[in-house]
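Just below is one structure, and these are the notes that go with it.
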Amino acid sequence: MTDRIAEPWGARTPYAAGQRWPDRMDTELAEGLDPEAVDWTQSAAVLHSNGDGIDIASHNGRIAGVRGRRADRVNHGRVDPKDLFGWQANNSPDRLTVPLVRDSGRLVESDWDTAMNRIVATTKALLRDAGPGSIGFYTSGQLMLEEYYTLGVIARAGLGTNHIDGNTRLCTATAEWALKETFGCDGQPGSYTDVDHADVIALYGHNVAETQTVLWSRMLDRLAGANPPQIICVDPRETPVAKEATVHLAPVPGTNLALMNGLLHEVIAHDWVDHDYIAAHTVGYDALAACVAEYPPERVATICDVAADDLRRAAEIIGHAQRLLSTVLQGFYQSHQATAAAVAVNNLNVIRGMLGRPGAGILQMNGQPTAQNTRECGANGDLPGFRNWRNDGHVAELARLWNVDIATIPHYSEPTHAMQMLRFAEQGTLRMLWVSATNPAVSLPELRRIRHILGQTRLFLVVQDIFATETAELADVVLPAAAWGEKTGVFTNADRTVHISDKAVDPPGQARPDLEIFCDYAERMDFRDSDGAPLIAWRDPEAAFEAWKRCSAGRPCDYTGLSYEKLRGSSGIQWPCNAEHPDGTERLYTDGEFWSKPDDCESYGKDLITGGSIEPTQYRAANPDGKAMLRPAGYTPPHERPVDDDELWLTTGRTVYHFHTRTKTGRAPQLNDAAPQVWVQLSAGDAGRRGIRDGDLAVIRSPRGCVQARARVGGIRDGVAFLPFHYGYWDADDDGHHRAANELTITDWDPVSKQPHFKTSVVRISRGANADRSGW
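Position 522 (the sequence shown) corresponds to 522 in UniProt numbering; numbering is contiguous.
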């Protein structure tokens, strides 16, 4: 037995290029239970975006463990440590079990009728007095497809509000926009099976070892087998990925686009490009070549503080790859010029013709287990089915589907992103915010500001969750929700694999599935279609799924070939799945055909520097035939950056043992014991200059707040500090010491994707609890 805390990736099962990844069954059961004595229910992973197929063990009405599904196409039986132990949170004694309402300033126990009637009364009063723009929804990347779709219909066709987004804005918005900018539409071109065939795997800001341990296990097994791939790692930290890399590039934060332009410069300058593919399937090559010609290795080395020879070596490896797999995650998405840098990764693969065949692909990764579903279903600031809000024909399709007047569906402007919704709440125009399955009082930047916004008496805050989170403490109404394993629905992961997760046990007390809560709200609000029939005509998950299938028909994310029956017992099926592809689709764009034709595309795109929208007429003129778009952009410096040797870049991120704000993983003893407290990582040089040794208490300050953390010295480049963002705020003493990384982060976001910048804030760090905190 492998200790999965000490060895998160488990035992090796080596395999060679082109071979099938060997199976390995991971199981964890409550102490003393026999696998034959429990009931097993099919599900999928809920504590990361990999989408591993797992079974839930239940015993005496409680979840009692998990095991990997050996036949699953994603994980071949392996289970991430977070899932291996995180199920224990379901059984926590501090689960929310009854609705709470605020009375005389305190949250008190109530009942469903009282809580829902209070929400409905507030909604109706706001609609009457201020209109639908006074109401917003902020959801998660951890609900189920059926719940997202229902919420999207309620918001757009029921209330008519444009204010709906998810915390996927924090982790996956740039992935979506990078795909739109290059291919005209969301949807990952690649497949996890590309790991089995690639001869080069390039990971850009993607610490896969800690964010998706099972996918890293797959890569480690390739590295341990015959014909291993070469690894390119771009990360300022010496992560487990960096330690295995052929070339590790550690740029200064905020310079990712300059680095990518340098790689593109070298590939084009040496003519390591597929001219036939470019001519047949792309537009924009000449403009791209002209832009990156300004980024020779020496200039990039100066901007990024990397060795020019390392940049050349990485470009040579990429340029000679026969099967190049590129993956991207938060190191790019949450940094300066996020979309432009992620698009540059697409540019590299496209000019090399590395799309649509085994081992040659792009995975603009997600951060959460069902982030893909938020994007498909319209719960994250998009229209359902990857429809274009600026295309009247697409909006008319939804109006016909929902049987409402087209004017009911807001399409007068781009759907409101989360950071803008918070600004509206701060200004007082957004008066009701419904937060489901997320904890913005810990996860959003500049927390002092966020707490002030969420705590305003003029904002009616509804929180729907499984625990009394920091956000729930600020709410006017708290609704107890069912957790994973306590309801049925569908998950879709980062490589478009659809899994079903069936109900294994009942939720505790009066807790209800999120779908049931949304349907109850719709019924109490009496939302009707144009014929007077209920707008939400479904009440159970399978009926909601069938409604979603009708919405997805004919769109890139076509689910019409799927059913609950087909998903049960399967190994996961990738969309599109329809009459043309009854068994699903492993890779997109195998024929060089894209969803980028002007009448089909999800977006006409934006200027990568300013975020200004490209007009439909401009788009049609530039790409009438719907080809892949090579989009260049020049590097600009970050808005906030160190000005002297006393200041450091701050980056935030994840640890292998926790997920988001620890509402679940913090309640699993093994995971909490592995990482119970926040820490700050510094280079040996930066620590030495500040008199900080490993294990010392450090004070980290920014203009926005102050955090205390124990120091971990080494494993990161000079000039950069790292804090995991999982830990909530707490007051250690009257001075208000905190441990939440987002006390320090800046309110700033990418102009295209609107994803906040969690990796380009500036801090000062000193030793000791009583260190000087003046100046900031």
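Glycine residues also receive a C-beta, built at the ideal position from the N, C-alpha and C atoms.
Just so you know, these numbers come straight off a predicted model, no measurement behind them.
- Of G592, I746, Y619, the smallest CA-CA separation from A279 is found for G592.
- V762 is positioned such that its CB atom lies closer than 8 Å to that of W649.
- By the neighbour-count criterion, in which 16 or more other beta carbons inside 10 Å mark a residue as buried, I406 falls on the exposed side.
- As the crow flies, the alpha-carbon of V79 is around 44 Å from that of D625.
- In its chain, beyond the 5 residues on either side, L671, A674, A675 have a beta carbon closer than 6 Å to the beta carbon of Y657.
- When C-alpha distances from Y192 are compared across T182, Q212, L179, the shortest belongs to Q212.
- As computed with DSSP, L650 is found in a beta bridge with A721, S761.
- Contact between G381 and D165 is confirmed by a C-beta separation of about 5 Å, below the 8 Å threshold.
- A direct Cα-to-Cα measurement between H726 and A468 gives close to 16 Å.
- Per DSSP, reduced to three states, the secondary structure at W595 is coil, with no helix or strand assignment.
- In the structure shown, M629 adopts extended strand secondary structure according to DSSP, grouped into three states.
- Considering only E470, I466, E473, D476, the residue with the shortest C-alpha distance to A483 is I466.
- Ranking G554, P642, T665, S766 by CA distance to the CA of D696 puts S766 first.
- DSSP, read as helix, strand or coil, puts G361 in strand.
- Distance between H394 and R400, taken at the CA atoms: about 10 Å.
- A residue is called buried when at least 16 other Cβ atoms come within 10 angstroms of its Cβ; K124 does not meet this threshold and is exposed.
- Put simply, of A621, P756, I614 the residue whose alpha carbon is nearest the alpha carbon of E181 is I614.
- Burial check for L630: the Cβ neighbour count within 10 Å reaches 16 or more, so the residue is buried.
- Taken in chain order, the unbroken stretches of alpha helix (DSSP H) that lie wholly in the region 519–562 and span 4 residues or more are 541–552.
- Of the candidates T255, Y204, D34, the residue whose Cα lies closest to the Cα of A314 is Y204.
- Taking Q88 as the centre and dropping the five residues before and after it, the same chain places the C-beta of A668 closer than 6 Å to its C-beta, in chain order.
- When Cβ pairs closer than 8 Å are counted between the two stretches, the region 423–434 is seen to touch the region 134–141, the count reaching three or more.
- Between P369 and F491 a beta carbon distance of about 6 Å is seen, short of the 8 Å cut, so the two are scored as contacting.
- Within the region 130–202, the runs of beta strand (DSSP E) at least 3 residues long that lie entirely inside it are, in chain order, 135–139, 164–166.
- Annotation: C706 is outside any alpha helix (DSSP H); the continuous beta strand (DSSP E) that includes it extends over 705–713.
- Between L325 and I231, the gap from beta carbon to beta carbon reaches 8 Å or more.
- Assignment of C304 by DSSP, reduced to helix, strand and coil, places it in the helix class.
- Put simply, the backbone Cα of S217 is about 31 Å away from that of L444.
- Cβ-Cβ separation between V74 and N50: approximately 6 Å, consistent with a contact (criterion under 8 Å).
- By the CB criterion at 8 Å, Q188 and R496 fall inside the cutoff.
- Per DSSP, the unbroken beta strand (DSSP E) holding A64 starts and ends at 62–68.
- Scanning its chain for C-beta atoms nearer than 7 Å, with the 5 sequence neighbours on each side dropped, one finds around A301 the residues A307, A308, L311, in chain order.
- T213: member of the alpha helix (DSSP H) spanning 213–224, first to last residue.
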